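Chemist:
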Amino acid sequence: MSLSFFSRFPGMESVDNTESVEVAVVGGGPAGLMAAEALAAGGARVDVFDAMPSVGRKFLMAGKGGMNLTHSEPADAFLARYGARRPNIAPLLDRFDAAALREWVHGLGVETFVGSSGRVFPTDMKAAPMLRAWLHRLRASGVRLHMRHRWLGWADDGVSVSRFATPEGEKRVRHDALVLALGGASWPQLGSDGSAVAHLAARGVDVRPFLPSNCGFDVEWTPHFRSRFAGEPLKSVAIGVARADGAVDWRVGECLITEHGIEGSLIYALSAPIRDQLTASGDAGTNILLDLGPQLSAERVREDVRHPRGARSMSSHLQSRLHIAGLKAGLLRECVGKEEFADPDTLAARIKALPLRVLRPRPIAEVISSAGGVAFESLDQRSMIAALPGVFCCGEMLDWEAPTGGYLLTACFASGLVAGEGALAWLGNRKS
Numbered sequence: 280m281s282l283s284f285f286s287r288f289p290g291m292e293s294v295d296n297t298e299s300v301e302v303a304v305v306g307g308g309p310a311g312l313m314a315a316e317a318l319a320a321g322g323a324r325v326d327v328f329d330a331m332p333s334v335g336r337k338f339l340m341a342g343k344g345g346m347n348l349t350h351s352e353p354a355d356a357f358l359a360r361y362g363a364r365r366p367n368i369a370p371l372l373d374r375f376d377a378a379a380l381r382e383w384v385h386g387l388g389v390e391t392f393v394g395s396s397g398r399v400f401p402t403d404m405k406a407a408p409m410l411r412a413w414l415h416r417l418r419a420s421g422v423r424l425h426m427r428h429r430w431l432g433w434a435d436d437g438v439s440v441s442r443f444a445t446p447e448g449e450k451r452v453r454h455d456a457l458v459l460a461l462g463g464a465s466w467p468q469l470g471s472d473g474s475a476v477a478h479l480a481a482r483g484v485d486v487r488p489f490l491p492s493n494c495g496f497d498v499e500w501t502p503h504f505r506s507r508f509a510g511e512p513l514k515s516v517a518i519g520v521a522r523a524d525g526a527v528d529w530r531v532g533e534c535l536i537t538e539h540g541i542e543g544s545l546i547y548a549l550s551a552p553i554r555d556q557l558t559a560s561g562d563a564g565t566n567i568l569l570d571l572g573p574q575l576s577a578e579r580v581r582e583d584v585r586h587p588r589g590a591r592s593m594s595s596h597l598q599s600r601l602h603i604a605g606l607k608a609g610l611l612r613e614c615v616g617k618e619e620f621a622d623p624d625t626l627a628a629r630i631k632a633l634p635l636r637v638l639r640p641r642p643i644a645e646v647i648s649s650a651g652g653v654a655f656e657s658l659d660q661r662s663m664i665a666a667l668p669g670v671f672c673c674g675e676m677l678d679w680e681a682p683t684g685g686y687l688l689t690a691c692f693a694s695g696l697v698a699g700e701g702a703l704a705w706l707g708n709r710k711s
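Converting from the sequence shown to our numbering requires adding 279 to each position, the first position being numbered 1.
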């Protein structure tokens, strides 16, 4: 915590202002609010604390382009989106899967539909009406919301009293159970900057470094290419990422050329393996492959490139035979040397597998989501931290990642529900 923060709240360190609640939920995103709902439904008295002036800020931001709630694909394909963390996410989705999420949303009075891509949206495409209905139901169930309360860890060596920074100074809150839903490290201006996990690491909890996920990557474009093509979409392409065994995983879609490099849905879907390769390569960067004509076979491209072109330039020939013009032609010029461009066979091979050197992920503060956080290995099956009885974790502060498409939100809702039910069961066991 910076000195400038404390200067806004004079005398913060010295205030002894302790109140008691039954359950404190820290974090007012989807995971925290779902945990609060599960607890309240079980009869617990729940207080939600959030650092921001209002809850659900990242949820609302994610909905600005159309609130993608979840995905309608089959369960096995859905689970595969969670990669190495599939075994950890599977029990959460067993409790609350995509179908259950849609039912839950309908219970708020919000209808949904499945788009052409299989993604699920509210019929009005907006997040705000859903959040308003949810908050109304939570308040009606007795959940109390405390805004501008930033969690500062614990007041002593135990875990029954939390410290909060508030505009009135430091407040201490005693709780019978604590649910932490503090988010990851992306979009810190919306309330979660990843710093809170340091308090858990100091207690011996296994915390993995936060890493950018669903992110773009920097490319060292030439000034000419940058000035000509920054901001243009790259459509009908495939991107290939090499695996350790030498095979290449290809995915078709579209992305965006930016001033700094490349981003967009196709890149986001492959960001985890690209990021991991960059981590292994250090400062050297790594190559991804662009297929500029994924609908065409390599043989067809080679035949068209070698087709007699008469007096036409190669650029005109490629535009006529393969419809390679504009940005795609610019990428060839950017990434292929003059000698390679002049050789038909080499040029045809580059059209189908154009090496593009990416240097680093974009800064974590500007990316869609993050990997890293509290390791699942630190939790029991109820989402309680084994080393800290009575403390539960959920949402993006756990070490998992998923592509866009509703997978992030679904797992956040599910993990919040499981953590809330886990805390409720733990309270019941203590009272019995």
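Here a beta-carbon is modelled for each residue, glycine too, at the ideal position from N, C-alpha and C.
Please read all numbers here as calculations on a predicted model, not as lab measurements.
Quick check on the DSSP output: the alpha helix (DSSP H) that includes residue 503 runs from which residue to which?
Modeler: Per DSSP, residue 503 belongs to the alpha helix (DSSP H) from 502-508.
Chemist: Find out if the Cβ-Cβ distance for the pair residue 649, residue 492 is shorter than 7 Å.
Modeler: Yes, they are a contact pair.
Chemist: Among residues of its own chain, excluding the 5 on either side of residue 588, which ones have a beta-carbon nearer than 7 Å to its beta-carbon?
Modeler: So the list reads 596, once near-sequence residues are dropped.
Chemist: If we call anything under 7 Å between Cβ atoms a contact, is residue 637 one with residue 498?
Modeler: Cβ distance < 7 Å, so residue 637 and residue 498 count as in contact.
Chemist: Are residue 454 and residue 303 touching if we call contact CB-CB under 7 Å?
Modeler: Their beta carbons are under 7 Å apart, which means residue 454 touches residue 303 by this criterion.
Chemist: Express the C-alpha separation of residue 507 and residue 315 in angstroms, rounding to a whole number.
Modeler: Computed Cα separation, rounded: 51 Å.
Chemist: For residue 709, which of helix, strand or coil comes out of DSSP?
Modeler: It is helical.
Chemist: With a CB to CB cut of under 6 Å and the five nearest residues on each side skipped, what residues in its chain are close to residue 446?
Modeler: Only 427 meet the Cβ criterion.
Chemist: One question on the structure: do residue 309 and residue 692 come within less than 7 Å of each other, judged by their Cβ atoms?
Modeler: Yes, they are a contact pair.
Chemist: Mapping DSSP to helix, strand and coil, what is residue 546?
Modeler: Here residue 546 sits in helix by DSSP.
Chemist: Within 10 Å of its beta-carbon, does residue 375 have 16 or more other beta-carbons around it, so buried, or fewer, so exposed?
Modeler: It counts as buried.
Chemist: Hey, which unbroken runs of the beta strand (DSSP E) at 3 residues or more fall wholly within the segment 669-706?
Modeler: Entirely contained in the segment 669-706, the beta strand (DSSP E) runs reaching 3 residues are, in chain order, 670-672.
Chemist: Just grab the DSSP bridge partners of residue 320 for me.
Modeler: Beta-bridge pairing links residue 320 to no other residue.
Chemist: For residue 634, count neighbouring C-beta atoms within 10 Å of its own C-beta (all shown protein chains included) and say buried if the count is 16 or more, exposed if not.
Modeler: Its Cβ having fewer than 16 others within 10 Å, residue 634 is exposed.
Chemist: Tell me whether residue 298 sits in a helix, a strand or coil according to DSSP, three-state version.
Modeler: Three-state DSSP puts residue 298 in a strand.
Chemist: Is the distance from the Cβ of residue 305 to the Cβ of residue 459 below 7 Å?
Modeler: Yes. Within cutoff.
Chemist: Give the C-beta separation of residue 317 and residue 301 to the nearest angstrom, bearing in mind that I take them to be a contact with Cβ-Cβ under 8 Å.
Modeler: Not really, about 14 Å apart at Cβ, beyond 8 Å.
Chemist: Select from 705, 664 and 684 the residue whose C-alpha is nearest the C-alpha of residue 479.
Modeler: Looking at the Cα atoms, 664 is the closest of the given residues.
Chemist: Helix, strand or coil for residue 447, going by three-state DSSP, please let me know.
Modeler: Correct three-state label for residue 447: coil.
Chemist: To which residues does DSSP link residue 350 through a beta bridge?
Modeler: In DSSP, residue 350 forms a bridge with 398.
Chemist: Quick one: residues in its chain with C-beta nearer than 7 Å to the C-beta of residue 703, no 5 flanking neighbours on either side, listed in chain order?
Modeler: 317, 318, 321 and 323.
Chemist: Anyone know if the C-beta pair for residue 639 and residue 701 falls short of 7 Å?
Modeler: Going by C-beta atoms, residue 639 is not nearer than 7 Å to residue 701.
Chemist: Go ahead and label residue 443 buried or exposed: buried means 16 or more other beta carbons lie within 10 angstroms of its beta carbon, across all protein chains shown.
Modeler: With 16 or more other Cβ atoms within 10 Å, it is buried.
Chemist: How is residue 432 classed by DSSP in three states: helix, strand or coil?
Modeler: DSSP places residue 432 in strand when its eight states are reduced to three.
Chemist: Quick check: the segment 504-519 against the segment 599-617, are there 3 or more CB pairs under 8 Å?
Modeler: Short answer: they touch.
Chemist: How many whole angstroms separate the CB atoms of residue 451 and residue 440, which I take to be in contact at a CB cut-off of 8 Å?
Modeler: Their Cβ separation, rounded to whole angstroms, is 6 Å, which keeps residue 451 and residue 440 in contact under 8 Å.
Chemist: Does DSSP classify residue 283 as helix, strand or coil?
Modeler: In this prediction, residue 283 scores a pLDDT of 41, lower than 50, which makes its location untrustworthy; no coordinate-derived value is stated.
Chemist: Whole angstroms is fine: what's the gap from residue 549's alpha carbon to residue 603's?
Modeler: Between residue 549 and residue 603, the C-alpha separation is close to 24 Å.
Chemist: Is it buried or exposed, residue 403, if we count other Cβ atoms within 10 angstroms and call 16 or more buried?
Modeler: Burial call: exposed.
Chemist: So residue 609 is in the alpha helix (DSSP H); what residue range does that whole segment cover?
Modeler: Counting along the chain, the alpha helix (DSSP H) containing residue 609 begins and ends at 605-614.
Chemist: Assuming residue 405 contacts residue 346 (C-beta within less than 8 Å), just tell me the rounded distance between them.
Modeler: Correct: roughly 6 Å between the Cβ atoms.
Chemist: Look up residue 313 in the DSSP assignment and give the residues it is bridged to.
Modeler: According to DSSP, residue 313 bridges with nothing at all.
Chemist: What does residue 637 pair with, by DSSP beta-bridge criteria?
Modeler: The partner list for residue 637 (beta bridge, DSSP) reads 565.
Chemist: Using beta-carbon positions only, say whether residue 401 and residue 389 come within less than 7 Å of one another.
Modeler: Contact: yes.
Chemist: What's the C-alpha gap between residue 311 and residue 654?
Modeler: Taking the straight line joining both Cα atoms gives about 18 Å.
Chemist: Under three-state DSSP, which class holds residue 364?
Modeler: Correct three-state label for residue 364: helix.
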